[in-house]
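Down below is the structure, laid out as structure tokens.
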Amino acid sequence: MTADRTKRTCLAVILAAGESTRMKSSQSKVLHPVANRPMIAHVVDALAKAGISDIALVLGRDAEKVEAAAGNVAVQSSVHIQTERLGTAHAVLAARDTIAKGYDDVLVVFGDTPLITETPLIAARSGLADGAEVVVIGFHTADPTGYGRLLVENGELLAIREHKDASEAERAITYCNGGLMAIDGRKALDLIDRIGNNNAKGEYYLTDIVEVVRAAGGRAIAVEAPEEELTGCNTRAELAVIERLWQQRRRHELMIDGVSMIAPETVFLSFDTTIARDVTIEPNVVFGPDVTIESGALIHSFSHIEGAYVAADAEVGPYARLRPGANLGAGSKVGNFTEVKKAEIGAGAKVNHLSYIGDAFIGAHTNVGAGTITCNYDGINKHVTRIGADAFIGSNTALVAPVTVGNGAYVASGSVITADVPDNAVAFGRARQENKEGRAVLVRERNQAIKDAKKKAAK
Ligand code: UD1
Ligand code: MG
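Residues 687 to 1145 (my numbering) make up the sequence shown, in order.
Pasting the structure below:
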């Protein structure tokens, strides 16, 4: 055993070989997203945050997809296929070759508990460093039905009793097995090999390791984690609960870090949403993946934002849609019913109403009028629109890309701009207006005559 706990090596074994029957899904449950990322990636992230870089994945269905979803630059993983599902102890043994390489700690976690954080994982490893051979992560719950119960006496964990195998008295215990545990890495295989399947389900229960280790004279203990972190996912309903808990937790963190949310329960975040201090998020805003919002920005209600960067003091919405590649400059504004895709909106520039800005560069302090459309697509290729700084695009302009409007240029309302506009020019891309004096009277008389004739014919 390595005495210096900072130098102890660790292998995490992630069990994810289940059939996911109760998800009623065409894919393994660990691929289902929580906060826009596969469940298993959350587990790997918690492991990485706990400083663990070696992972053994025990997989069954969708093994290739699960392996890809678990990919993380911070960890190195090996894949082990459990062909028969004979219980959690049997599942850990599928990773026998990797465990046999010799680690100080072996940490067994489940692929379907994505709310786990590094804190109990670190605590469990600390228990090993302090001399226990098995450290189980437990939780207290009001409704322990279905969970293994932790039988603890004087700080020692005596046994874990699976619900089906528990006596009435044991079923009254509310301290439960979260399923995750740390095991002395040098002894892990020997201990697990001694586990039998003489129980109600006829499975090889990893939980029996507690009695095995004690029989061999070793110590087992439990460390407690919040119940929420050990919430497992078996059904779509539980997936929704996990999503809600994840969202609550992340909103709370952001608010503690200085983000204002008027109705936090209506704001939906992604796993990687980054929001700086003094940002205000109004009710009903959805953040897809890869969004960064800088300090002082204001996100109005009903905005949908993904793959976007919003610089300091910018204003978005209400009802704005920022799609991947939207890059809003400091103090810029993207207003209601405006869609921005793969486009830079310069500092202080405004696109306030009913516009589509795609594949475009808009210079600083330019004003884009209501109903302006960048016609970026010719049916086959995408083309770029460039608008300089301090320009003014009149309402209802169609900018047919590729096209460039210079610095300080004006585009008259209702223009269809198909040719470049030089700096400081005014472009009129529309028919000249003509007024016909008195013509409206004639038009009215003619229309009335048509209506009268129709009435007469109907009689
Ligand atoms: C397990 C624990 C129980 C604990 C509960 C917490 C055992 C015997 N019981 O019960 O004490 O309270 O978790 O949620 O460990 N798996 C495999 N291969 C197998 C069997 C399971 O990969 O052969 C995986 C599953 O996909 C799942 C995890 O191991 O990710 C746990 O298995 P599951 O059947 O859900 O165990 P529980 O009955 O919930
Ligand atoms: Mg389970």
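For glycine and all other residues, C-beta sits at the position ideal for the given N, C-alpha and C.
As assigned by DSSP and simplified to three states, the class of residue i
i       : result
Lys1028 : strand
Pro719  : strand
Asn840  : coil
Leu743  : strand
Asp851  : helix
Pro724  : strand
Gln762  : strand
Ala1006 : coil
Lys693  : helix
His938  : helix
Gly1115 : coil
Asp791  : strand
Gly1044 : strand
His1051 : coil
Cut-off 6 Å between Cβ atoms - residues of its own chain near residue i, not counting five sequence neighbours on either side
i       : result
Glu804  : Ala732, Lys735, Ala736
Gly1115 : Ser1101, Val1102, Ile1103
Ile859  : Arg835
Lys1140 : none
Euclidean distance between Cα positions of residue i and residue j
i       : j       : result
Tyr789  : Ile878  : 15 Å
Tyr1042 : Arg1007 : 10 Å
Thr1060 : Val1089 : 9 Å
Leu717  : Phe1078 : 48 Å
Arg936  : Thr707  : 29 Å
Asn674  : Val820  : Since the first residue of the chain shown is 687 and the last is 1145, residue 674 is not available in this structure.
Glu914  : Ser956  : 19 Å
Glu910  : Gly813  : 12 Å
His1039 : Leu1014 : 15 Å
Ser989  : Arg922  : 27 Å
Glu848  : Leu940  : 38 Å
Ile1146 : Arg1009 : Only positions 687 to 1145 of the chain appear in the structure, and residue 1146 is not among them; the question remains open.
Met709  : Val1070 : 45 Å
Lys751  : Gly817  : 38 Å
Val720  : Asp798  : 11 Å
Pro800  : Glu854  : 31 Å
Gly746  : Thr952  : 37 Å
Asp1138 : Arg1130 : 12 Å
Thr774  : Val730  : 19 Å
Spatial neighbours of residue i in its chain, beta-carbon cut-off 7 Å, leaving aside the 5 residues before and after
i      : result
Ile808 : Ala736
Ala845 : Leu837, Val896, Glu897
Contacts around residue i, its chain only, beta-carbon distance under 8 Å, and the 5 residues preceding and following it disregarded
i       : result
Ala1033 : Ala997, Gly1015, Ala1016, Gly1017, Ser1018, Ala1050, His1051
Gly974  : Asn722, Ser956, His990, Ile991, Glu992, Gly993
Gly1094 : Gly1074, Ala1075, Asp1076, Ala1077, Asp1109, Asn1110
Lys850  : Asn885, Ala886, Lys887
Leu827  : In the sequence on display, residue 827 carries Thr and not Leu. Once the five neighbours on either side are set aside, the close Cβ partners of Thr827 are Tyr833, Thr860, Cys862, Glu913.
Arg963  : Asp943, Gly944, Val945, Ser981
* Would you list the residues whose beta-carbon is nearer than 6 Å to any heavy atom of the ligand UD1, in the order they occur in the chain? => Leu701, Ala702, Ala703, Gly704, Val744, Gln768, Arg771, Leu772, Gly773, Thr774, His776, Ala777, Phe796, Gly797, Asp798, Tyr833, Gly834, Ile846, Glu848, Cys862, Asn863, Gly864, Gly865, Tyr891, Leu892, Thr893, Gly918
* To do: Within the segment 858-902, note down every full alpha helix (DSSP H) run reaching 4 residues or more, in order along the chain.
  => 874-879, 895-901
* To do: Please specify which runs of the beta strand (DSSP E), each continuous and at least 3 residues long, are wholly inside the segment 1086-1140, giving them in chain order.
  => 1089-1091
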